[in-house]
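Going by our numbering, the first residue of the sequence shown is number 584, and it counts up by one from there. For glycine and all other residues, C-beta sits at the position ideal for the given N, C-alpha and C. Note that the coordinates shown come from a computational prediction; the quantities given were computed from them, not determined experimentally. Structure record follows, encoded as structure tokens.
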Amino acid sequence: MNSTPPSRVRRGHAHSADPDQVADELYQQLWQPDCSLVLLFVAPDYQLDSLADALARRFGDVPVVGCTTAGEISPDGYRSHSIAGASFAAPDFFAVVQHIDDLHDFDLSDALGTVMSARHSLGQKAGFPLDRHTFALLLVDGLSAREEQLAGRLARALGDIPICGGSAGDNMRFERTQVLVDGRFVSDSAALVLVATPHPFELFKSEHAIRSGERVVVTEADCERRLVTEINAEPAAAEYARLLGVSPEKLTPLSFAAHPLVLSVGGVPYVRSIQRINPDLSLSFFCAVDEGIVLSGTRATDIVDNLARTFRGLHRRLGEFQIVLGFDCILRTLPLLQSDTIARLSALLVANSVVGFSTYGEQYQAMHVNQTFTGIAIGYGKHHG
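Here it is in structure tokens:
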């Protein structure tokens with residue numbers, strides 16, 4: 584019988600409301616010798632400045648990176664009003680963190696400089712070649728509306744280093760989302776984390792909405808504002824409602840969550856989720872939609888079976904997981920809250936060692952996507968035996 588080697592990954596979950604007490608709980612669960620990175624996914628209802636100070640006092644020089652959430656994925660499954668986290672230690676994991684601010688002015692030359700600096704620092708820390716042993720995580724202000732530009736430019740700059748991540752949330756209030764980096768919670772910012780490890784890992788994405796029904800063309804849109812005014816030369820909301828077989832006034836946030844539109848790129852589906860209907864019957868989206876693109880209606884497959892199939896494939900290739908860092912769109916679970924499906928899904932996450940959060944969008948390589956579960960699964964590799 585295979586015995587599992589000791590892992591240099593720790594997972595934790597704390598829900599005390601007091602910043603000092605919750606920092607203590609997290610320290611007890613996550614601190615380990617040679618700790619190189621702490622990731623935290625934080626409910627937005629904490630007093631965040633006090634929490635940042637308390638964490639800095641506990642973890643000292645160890646980089647602590649995270650963001651606010653629309654719900655946490657803890658070692659015990661889906662949670663809210665809490666903090667889920669993980670820590671990683673050398674010599675199995677080396678990490679560097681880059682704080683990206685002023686997202687609206689971040690261009691390709693900034694991305695190249697950021698990545699070059701991070702790679703240089705990481706190369707000095709890791710005692711093995713970075714090629715094929717490095718992945719990138721991106722945590723970004725979920726209300727910045729800059730994820731497409733950021734993911735695209737960083738992916739170009741990273742080259743062969745794969746990247747995934749999530750957009751910070753604030754429990755569906757859509758007021759302020761923040762990233763924890765350099766000891767502070769900040770908006771209009773992102774944290775890029777490069778991690779080098781000799782262990783095998785794989786990026787993945789899973790979506791349970793599949794293309795179904797007719798295709799439609801976006802005939803008028805403002806890409807910068809993520810606004811679609813016309814579909815098939817008709818008012819966007821009226822045409823979307825027609826696809827669903829309802830009148831526009833019957834559209835609700837649950838309609839949008841249950842019936843997203845999907846863009847196909849090279850045969851790979853990328854979900855485009857609607858945020859709201861506007862008084863002029865235009866539609867605001869959670870990610871950019873260009874004029875002239877073709878979108879399809881969708882139908883939902885079983886969300887639990889779909890993700891279980893993804894995990895089975897990852898297990899075949901990686902063996903047992905040390906951890907899965909998971910970025911799960913809040914719109915995937917919103918329609919499930921009144922059903923037993925959420926408990927089944929939560930149990931699946933527990934069984935697969937997932938830690939992460941419910942997001943306002945996901946990054947997968949150069950794409951910003953919605954209604955998707957993206958992540959990185961880390962195995963044990965040849966030392967496992």
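Item                                                                                                                                                             : Value
Are the segment 691-710 and the segment 646-659 touching by the rule of at least three beta carbon pairs closer than 8 angstroms?                                : no
When the Cα atoms are used, what is the spatial distance from R927 to L691?                                                                                      : 42 angstroms
Could you tell me which residues DSSP puts in a beta bridge with T717?                                                                                           : A779
For V907, does the three-state DSSP call read helix, strand or coil?                                                                                             : strand
Please classify G968 as buried or exposed, where buried requires at least 16 neighbouring CB atoms within 10 angstroms.                                          : With a pLDDT of 35 at G968, under the threshold of 50, the modelled position of that residue is not reliable, and the figure given next carries that caveat. Classification of G968: exposed, given that the 10 Å Cβ count is below 16.
Going by DSSP, which residues form a beta bridge with L638?                                                                                                      : According to DSSP, L638 bridges with nothing at all.
Alpha carbon to alpha carbon, how far is V877 from R750? Give it in angstroms, no decimals.                                                                      : Contrary to the premise, residue 750 reads as Ser rather than Arg in this sequence. The alpha-carbon atoms of S750 and V877 are separated by roughly 25 angstroms.
According to DSSP, what are the bridge partners of E945?                                                                                                         : G749, V952
In the DSSP assignment, what are the bridge partners of P852?                                                                                                    : S847
Going by alpha carbons, who is nearest to H791 out of H598, V625, L844?                                                                                          : L844
DSSP has T651 in a bridge; who is on the other side?                                                                                                             : V625
Give me whichever residues DSSP pairs with F711 in a beta bridge.                                                                                                : In DSSP, F711 forms no bridge with anything.
Within this structure, are the beta carbons of A719 and L695 separated by less than 8 angstroms?                                                                 : no
Are three or more beta carbon pairs between the segment 816-823 and the segment 915-925 nearer than 8 angstroms?                                                 : no
Pick out whichever of L638, E731, L609, E832 has its Cα sitting closest to the Cα of D873.                                                                       : E731
What do you get for H596, buried or exposed, if any count of 16 or more other CB atoms within 10 angstroms of its CB means buried?                               : buried
Look up N735 in the DSSP assignment and say whether it is helix, strand or coil.                                                                                 : The sequence shown places Gly at residue 735, rather than the Asn named in the question. Here G735 sits in helix by DSSP.
By the 10 Å Cβ neighbour count, where 16 or more other Cβ atoms means buried, how is T717 classified, buried or exposed?                                         : buried
Which residues does DSSP list as the beta-bridge partners of T835?                                                                                               : T835 is not bridged to any residue.
Identify which residue in H898, Q954, S770 has its Cα closest to the Cα of L846.                                                                                 : Q954
Put H842 into one of helix, strand or coil per three-state DSSP.                                                                                                 : coil
For the alpha helix (DSSP H) containing E608, name the first residue and the last one.                                                                           : 602-613
Count the C-beta pairs between the segment 591-610 and the segment 662-671 that are closer than 8 angstroms, then say yes if the count reaches three, no if not. : yes
Give the C-beta separation of A678 and D617 to the nearest angstrom, bearing in mind that I take them to be a contact with Cβ-Cβ under 8 angstroms.              : In fact, because the Cβ distance is near 12 angstroms, the residues do not count as touching under 8 angstroms.
Closest by CA to M755, which one among S599, P627, D765, D601?                                                                                                   : P627
Residues bridged to P818 by DSSP?                                                                                                                                : E813
Are V933 and G660 close, meaning C-beta to C-beta below 8 angstroms?                                                                                             : yes
Pull up the DSSP beta-bridge partners for A774, would you.                                                                                                       : H682, L722
Are the CB atoms of T652 and F894 nearer to each other than 8 angstroms?                                                                                         : no
Given a threshold of 16 other Cβ atoms within 10 Å of its Cβ, counted over all protein chains shown, does F711 qualify as buried or as exposed?                  : exposed
For a test of the three-state rule: what should DSSP assign to G706, helix, strand or coil?                                                                      : helix
How is the alpha helix (DSSP H) around R591 delimited, first residue to last?                                                                                    : No alpha helix (DSSP H) holds R591; DSSP gives it neither H nor E.
How would you write the range of the alpha helix (DSSP H) that I529 sits in, first residue to last?                                                              : This structure cannot settle anything about residue 529, because the visible part of the chain is limited to 584 through 968.
Over the uninterrupted alpha helix (DSSP H) stretch that includes T924, give me the two end residues.                                                            : 924-934
Do you know how far the Cα of V621 is from the Cα of I656?                                                                                                       : 15 angstroms
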